[in-house]
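Working notes, beginning with the structure itself.
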Amino acid sequence: PLLLLLILIIHSQAVQSEENLSANHKELVSLGGQMRMRIDATNNQSLDNFSYDPAKRETQLLNRSRIHVAAHPAEWVRFYFEPQFYGRWGGYDNENRLSLYQGYIEFLKGGQIPVTLRIGRHELVYGSAFFLGNDDFYQGLSWDGAKINIQPLSSLTVDLIAARLVSFTNNKANKPGLYGFYSTYTGLPDIDWDVYFFYDRHGFQNLYDHLPASPLWFTVGTRIELKIAQQLTVEFEPMYQFGRVRFNNPAGSSQIRAYGGHAHLTYDFNLPLYPSLRVCYAFGTGDRNTRDGTMREFHGNIYNDIAVVGDMNIIPDMSGVDIGQIRASGIRATTLASSIKPTPRLTINFDYHYFVADKTPKGISTTLGNEVDFYIEYEVSDKISILGSVNRFFTADIFRAATGKNKDVDYFFLQTQIEF
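Add 8 to the 1-based position in the sequence shown for my numbering, that's all there is to it.
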């Protein structure tokens, strides 16, 4: 309540101040923010790491609040400051954390020099966020470092990135670093074409206990989004990973050879209720034996929550999932998603996901299960929205083989979001 009161006071003061400023001053400084409150409830799932946990029920309250201040004192420079409060109460533990989510200085391109430099802490979001996103549903993802935007042509932009992942916990060791480029070409009619290449320092060892150290982990990918007709959009994004991982035993090291990606087809019908239908297939290669000289498990989602694995996070990403002592390595996910708009402010969505592992131990089925996600979003106003969701994961026989039980998993949430 105190935080909400503080936000409302700041908002009212900002509105009053802006009304008294001239148009030039409005461009000089701007204020804004977002407050999000959500109740999560699970059945047969742990909120600690979203893993399968039969007979466990948990409920938690989440709050993510951000206030940003942007200053543009000159045409060639911009300052941005965004603190964040993230609170979690109930569930497996409590957390109250105030941190700097974004804060940077940006030197803008001017004259004949098509270069923009950003230094500080900031988000990295590209394409459909399959590879790089901001994990917006939770406490977010931001990076400390520099980004240089070069625009050699009006239709070509290239971002050069050197950054380290921000840890919003007390564990500061081996923070992953990301170094490379992301380019976008828009010179072809109705086509966006992205090409990227990154070196991920420290690999993914901080997320996956079964992974060894990875001194060399590279990802190269391309993304094409094509507007075939006014209502039909196709997106295709293949990725390839290579490099080397190191083992702390006589096994030495292994080369990395992994593949992944996704393909989307979205059709927006010109009908009453504005129905939309999306079909998606995403995959990541797996590995039954990571110490045979070649690591084949794909790790192409940089710590981001992506739509192709559903809302429940039972399947966390395309690398695979640990169920008890069984590792289901690599994921093949098929998604059928639909939505309608009964009113301009009301959207109803229904998504279906089917998951299969690429590799499992011998004798274990690769079928993981099905997930259905039903959610409704209502825009109370241009600044306030309410989102409610009911979800179920139907477990396959692999869950019984790993834990002795194959109970289905339920997840519910109710969220209110306020923009100001």
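Positions of the beta carbon are idealized from the N, C-alpha and C atoms, including for glycine. Just so it is clear, the structure is predicted and the values come from calculations on it, not from any experiment.
Rounded to whole angstroms, the Cβ separation of His130 and Tyr112 is 5 Å, and the two are in contact under 8 Å. Distance from the Cα of Ala345 is smallest, within the candidate group Ile392, Ala409, Phe382, for Phe382. Where Ile406 is concerned, the enclosing alpha helix (DSSP H) starts and stops at 405-411. When only Cα atoms are considered, Ala410 and Thr368 end up about 11 Å apart. Thr227 is classed as buried because its beta carbon has at least 16 other beta carbons within 10 Å across all chains shown. Taking every protein chain shown into account, the CB of Glu233 has 16 or more other CB atoms within 10 angstroms, so this residue is buried. Per the C-alpha coordinates, the member of Phe358, Thr293, Arg46, Asn357 positioned closest to Val329 is Thr293. Here DSSP, grouped into helix, strand and coil, assigns Val388 to coil.
In the DSSP assignment, Phe277 is bridged to no other residue.
Asn309 counts as buried, since no fewer than 16 other beta carbons sit within 10 angstroms of its beta carbon. By the neighbour-count definition (other C-beta atoms within 10 Å, threshold 16), Gly141 is a buried residue. About 4 Å separates the beta carbon of Arg209 from that of Gly185, a gap short enough to meet the 8 Å contact definition.
When the Cα atoms are used, Pro324 and Leu168 turn out to be separated by approximately 28 Å.
Phe363 sits close to Leu376, with the two beta carbons spaced by under 8 Å. The C-alpha of Glu66 is placed about 8 Å away from the C-alpha of Tyr100. Arg335 and Val37 have their C-alpha atoms roughly 51 Å apart. Taking Leu106 as the centre and dropping the five residues before and after it, the same chain places the C-beta of Phe93 closer than 6 Å to its C-beta, in chain order. Secondary structure at Val316: helix, using DSSP grouped into helix, strand and coil. Considered as a whole, the stretch 29-82 harbours 37-53, 60-82 as its complete beta strand (DSSP E) runs of no fewer than 3 residues, in chain order. Nearest neighbour of Tyr109 by Cα position, chosen from Asp144, Ser59, Trp97, turns out to be Asp144. For Ser346, the uninterrupted beta strand (DSSP E) run begins and ends at 334-351, by DSSP. Three or more beta-carbon pairs drawn from the stretch 260-271 and the stretch 239-251 are found closer than 8 Å, and the two stretches are therefore classed as touching.
Pro324 sits in coil when the DSSP states are folded into three classes, being neither helix nor strand. The Cβ-Cβ distance between Asp202 and Gly135 falls below 8 Å. DSSP, read as helix, strand or coil, puts Thr165 in strand. Distances from the CA of Asp405 to each of Ile394, Lys415, Ile392, Thr302 were compared; the closest alpha carbon is that of Lys415. Leu279 counts as exposed, since fewer than 16 other C-beta atoms from the protein chains shown sit within 10 angstroms of its C-beta. Here the C-alpha atom of Asp276 lies approximately 18 Å from the C-alpha atom of Ala315. When DSSP states are grouped into helix, strand and coil, Leu422 belongs to the strand group. The Cβ atoms of Val123 and Ile156 sit closer than 8 Å to each other. When DSSP states are grouped into helix, strand and coil, Tyr248 belongs to the strand group. Spanning the alpha carbons of Phe139 and Arg172 requires a straight line of approximately 16 Å.
Assignment of beta-bridge partners to Ala290 by DSSP yields His270, Ala341. Under DSSP, Tyr109 forms no beta bridge with any residue.
Annotated as proximal: Leu164 and Tyr193, with beta-carbon spacing under 8 Å.
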